[in-house]
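Take the sequence shown: its position 49, counted from the start at 1, is 71 in the numbering used here, and no numbers get skipped. Heads up, the thing below is written out as structure tokens.
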Amino acid sequence: MAELKKIRNIGIMAHIDAGKTTTTERILFYTGKSHRLGEVDNGEATMDWMAQEQERGITITSAATTCFWHDYQINIIDTPGHVDFTAEVERSLRVLDSAIAIFCAVGGVQPQSETVWHQADQYHVPRIAYVNKMDRIGADFFNVIKEMEKKLAAEPLILTLPIGSESDFEGIIDLLSKKEIRWNSDDLGTSLSYSDISPSRSSQVEEYREKMVDHLSAISDEITRLYLEGEEISPSLLKRAIREGTNNRLFVPVFCGASLKNIGVQPLLDAIIDYLPAPDEVPAAVGHHIRREHEITIECRTEAPPVGLVFKIQSDREAGNLSYIRMYSGTLKNGTAAYNFNKKKKERINRLLRMHSNRSSQIDSVSAGDIAVIVGFKNAQTGDTIGSEQLPLLLEKMHFPEPVISVAIEPSTLSERKKLQSTLEQLEKEDPTFLIKEMEDTGELIISGMGELHLDVLVNRVIKEFRVAARVGKPQVSYRESISGTVTHTEKYRRIIAGKENVAEITIKIAPRAQGSGNSFESELGTETLPQELLHAVERGINGAFPSGVVYGYPAIDIQVILVGAVYHNTNSTPLAFEAAAALGFDSACRKASPVLLEPIMLVDVMAPKDFLGEVLGNLTSRKGEIISLESKAVTEHIRTRVPLANMFGYSTSLRSITQGRATFAMEFSHFAAKSGELTN
């Protein structure tokens, strides 16, 4: 196992079709991990190993692999670019130390690029940027830099310049060494040639090198002194300053290339080693001590009690559940037992694996700072903390967006029902944004996800991968309910259960909360008015009533409930009575408070060729789209709009039809809004 200083845990993130998987394939090839170049376009990419990924030409699951470059171990997670699979990106960023953000030189900072960038900001992930596809028509390196500044509020630090662009793109200029670098196409870019800067490019190189040194002088007094004295600044001194600034997220080093043409990948690999942090150079993880109920920092040391986070579950036909784990402290060994603090159970580690996409090699142990796969855990789920009982703590839970689209699914024959149910439960375990629900009155199974593509992929897996014959209904919108008025309501409960009278009386005040702020329950009563156990019973009743809705049975959101009064009797007031009174009282109060049906509004980004702008805008308007912005690029128009989800079904086919298959779009949940004409009383 590599020492801590020689490990890098990186993610590769970007908008769909920016070249993430192609770049990863080149990294694997040049580090000797694969012996041929897998192409996304012909369905041979190593990292896109799922049948559907190869058919669709997109990344669906975050594949993990390990490779070595100059004796450094690089653990890579190639994350999906499609917004429907945002959970894969979210859980990967949670456990990574740094990331490479890939931008298309033509498309620039595209919608999903912004989403993953802000997700990385949330987790304080240092990153470097790589402007890919410099060989494409419309490629503009400096426009991408401007968009990074404008859209991402980033501080780009240009370290390489392109030599030419589009069909004239032939290599890059390294500003540190002041050399031109070109790649030999005969050996698939394995060998590089270095040459002095051409006189025609020297003024541009001097301009951008001066900007780079000016940036770095703010970090290093030594660089400032040498610069003012007009002395030569060594590349090693510049590299130290770049590393410090990158890890403190003061700026983002920017590289360029064309991965498909095998240009620019080796300098990117060098940058991973030179500028991105080792596991012990990032801020220590924070855990919540279970017994002492306070936060503790978890130093990244191998000689400490083991602490790890399960960040992904994957089903394997032969091995069972594969639990991807990031170790923050200590060591886990093959054949030993580990404690799952979330499930409060000990489980045996049957095998430890080092993953290479969907292939693996066995290892004896996994230590602090490393990523591996555990075979043998039956109960583990995404977000579980694994360790030893001598240090009982929980790492922070991961948070995922709620599903907004649902379909009914049923087995083709009654005998398949049990198999379908267990398959769906397995998929729910793997994917936190996929939910299954059985309707009590009809017995119908409803599955919910992040979008049409998300559900389409999951249903395909049910039918093809798990071989369950199933029929699927049309997609349905997952609505929500809320209230628009404030009401104070008193609920009296009196029932005889098992020969004993159960009595409760509560008064609650309910009011709408700000959009997206969630539900809340609080009490104005002290324990002298209402005993603690009865207060907890009221809270359970209210929290249990939120998911059941008001009128239509959709989950209720953004409602504040305050317990303002209660009457109880020592003899016949029970927790059961107060819990029931709370649920019934909530329902009655909401019906008086002008309930409203809310529908999901989606943020839709469309990239369309200029020739089709009119047709695309017309189509969006017909779907009640509210145009937010329209941005012209070299060859495309970027339209940003908000559209009710109910009006977006079938949009993919419609967009392909009106643009001859040349437009792309990304869609993500924006907010819930009142559905017009659906106010209920």
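Ideal Cβ placement from N, Cα and C applies to all residues, glycine included.
Go to residue i, then tell me how far its alpha helix (DSSP H) extends in each direction, as first and last residue.
{"i": "G706", "result": "The structure shown does not extend to residue 706, since the chain spans only 23 to 703, so no value can be given for it."}
{"i": "L607", "result": "It is Gly, not Leu, that sits at residue 607 in the sequence shown. Segment P597 to K614, the alpha helix (DSSP H) holding G607."}
{"i": "V395", "result": "Per DSSP, V395 belongs to no alpha helix (DSSP H); it is in the beta strand (DSSP E), I393 to V397."}
{"i": "M170", "result": "F163 to L174"}
{"i": "H146", "result": "Segment: none, H146 is in no alpha helix (DSSP H) and carries neither H nor E."}
{"i": "S644", "result": "L635 to S644"}
{"i": "K42", "result": "K42 to Y52"}
{"i": "H37", "result": "Looking at the DSSP string, H37 is not in any alpha helix (DSSP H), and its letter there is neither H nor E."}
{"i": "G571", "result": "Element bounds for G571: n/a, residue is neither H nor E."}
{"i": "V657", "result": "First-last for V657: undefined, no H or E at that position."}
{"i": "D243", "result": "D243 to L250"}
{"i": "H237", "result": "S224 to S239"}
{"i": "D296", "result": "V287 to Y297"}
To the nearest angstrom, report how far apart residue i and residue j are at their CA atoms.
{"i": "E460", "j": "T643", "result": "36 Å"}
{"i": "G409", "j": "K27", "result": "23 Å"}
{"i": "A588", "j": "E527", "result": "6 Å"}
{"i": "R678", "j": "E601", "result": "53 Å"}
{"i": "S217", "j": "P299", "result": "30 Å"}
{"i": "P289", "j": "G193", "result": "11 Å"}
{"i": "F608", "j": "E561", "result": "11 Å"}
{"i": "G636", "j": "T658", "result": "13 Å"}
{"i": "Q682", "j": "G575", "result": "42 Å"}
{"i": "K531", "j": "C612", "result": "10 Å"}
{"i": "D453", "j": "P425", "result": "11 Å"}
{"i": "L585", "j": "A615", "result": "16 Å"}
{"i": "L291", "j": "E411", "result": "39 Å"}
{"i": "G41", "j": "S189", "result": "18 Å"}
{"i": "R684", "j": "P631", "result": "7 Å"}
{"i": "A359", "j": "E369", "result": "5 Å"}
{"i": "S674", "j": "P184", "result": "35 Å"}
{"i": "Y94", "j": "A175", "result": "32 Å"}
{"i": "Y3", "j": "K646", "result": "Look at the range of the chain in this structure, 23 to 703, and you will see that residue 3 is not part of it."}
{"i": "I241", "j": "P257", "result": "15 Å"}
{"i": "V329", "j": "E474", "result": "37 Å"}
Among the options, whose alpha-carbon lies nearest the alpha-carbon of residue i?
{"i": "A36", "options": "A86, P133, F51 and P184", "result": "P133"}
{"i": "F704", "options": "G54, W139, L374 and G640", "result": "Only positions 23 to 703 of the chain appear in this structure, which leaves residue 704 out of reach."}
{"i": "L50", "options": "G193, A176 and T212", "result": "T212"}
{"i": "T663", "options": "I649, K655, V657 and N669", "result": "I649"}
{"i": "A86", "options": "T43, G540 and G54", "result": "T43"}
{"i": "R439", "options": "E411, V490 and L480", "result": "V490"}
{"i": "R348", "options": "K334, I393 and T324", "result": "I393"}
{"i": "Y633", "options": "S120, H660 and A615", "result": "Going by the sequence as given, residue 633 is Asp instead of Tyr. For D633, the nearest C-alpha among the options comes from H660."}
{"i": "I518", "options": "S595, Q95 and Q443", "result": "S595"}
{"i": "T182", "options": "N165, A175, E202 and E171", "result": "E202"}
{"i": "N356", "options": "E321, R323 and V395", "result": "V395"}
{"i": "A293", "options": "K451, N372 and S120", "result": "S120"}
{"i": "A307", "options": "I335, H146 and S222", "result": "H146"}
{"i": "A326", "options": "G309, K451, G352 and P497", "result": "G352"}
{"i": "S135", "options": "L446, D39 and R158", "result": "D39"}
{"i": "V304", "options": "K173, E171, T445 and I32", "result": "I32"}
If contacts are defined as beta-carbon pairs under 8 Å, then residue i and residue j qualify, I think. What distance do you get, rounded to the angstrom?
{"i": "Q141", "j": "L118", "result": "So it is not a contact: roughly 11 Å between Cβ atoms."}
{"i": "D580", "j": "G540", "result": "7 Å"}
{"i": "N206", "j": "S199", "result": "Contact flag wrong, Cβ pair sits at about 19 Å."}
{"i": "V332", "j": "Q403", "result": "7 Å"}
{"i": "F691", "j": "P622", "result": "6 Å"}
{"i": "P617", "j": "E503", "result": "6 Å"}
{"i": "F273", "j": "E177", "result": "4 Å"}
{"i": "K365", "j": "N401", "result": "5 Å"}
{"i": "S387", "j": "L354", "result": "6 Å"}
Return the first residue and the last residue of the beta strand (DSSP E) that residue i is part of.
{"i": "S217", "result": "L214 to D218"}
{"i": "P275", "result": "V274 to C278"}
{"i": "T512", "result": "V509 to I519"}
{"i": "M624", "result": "P617 to P631"}
{"i": "I675", "result": "It is Thr, not Ile, that sits at residue 675 in the sequence shown. That residue, T675, is in no beta strand (DSSP E); its alpha helix (DSSP H) goes Y673 to I680."}
{"i": "P534", "result": "K522 to P534"}
{"i": "D196", "result": "G193 to D196"}
{"i": "I564", "result": "Element bounds for I564: not the beta strand (DSSP E) but the alpha helix (DSSP H), Q554 to A567."}
{"i": "R370", "result": "K367 to R370"}
Should residue i be listed as close to the ligand ADP, given that the test is whether its C-beta is under 6 Å from any heavy atom?
{"i": "G465", "result": "Although the ligand ADP was asked about, the structure shown includes no ligands whatsoever."}
Stretch-stretch touch, CB-based, cutoff 8 Å, three pairs: the stretch 504 to 522 with the stretch 540 to 551: no
Contact the stretch 122 to 133 vs the stretch 338 to 353: 3+ CB pairs below 8 Å: no
Sufficient close CB pairs (3 or more, under 8 Å) joining the stretch 148 to 162 to the stretch 266 to 284: yes
Segment contact, 8 Å Cβ cut-off, at least three pairs: the stretch 213 to 232 with the stretch 259 to 267: no
Touching by the beta-carbon criterion (3+ pairs, under 8 Å), the stretch 467 to 485 and the stretch 429 to 447: yes
Sufficient close CB pairs (3 or more, under 8 Å) joining the stretch 245 to 253 to the stretch 153 to 164: no
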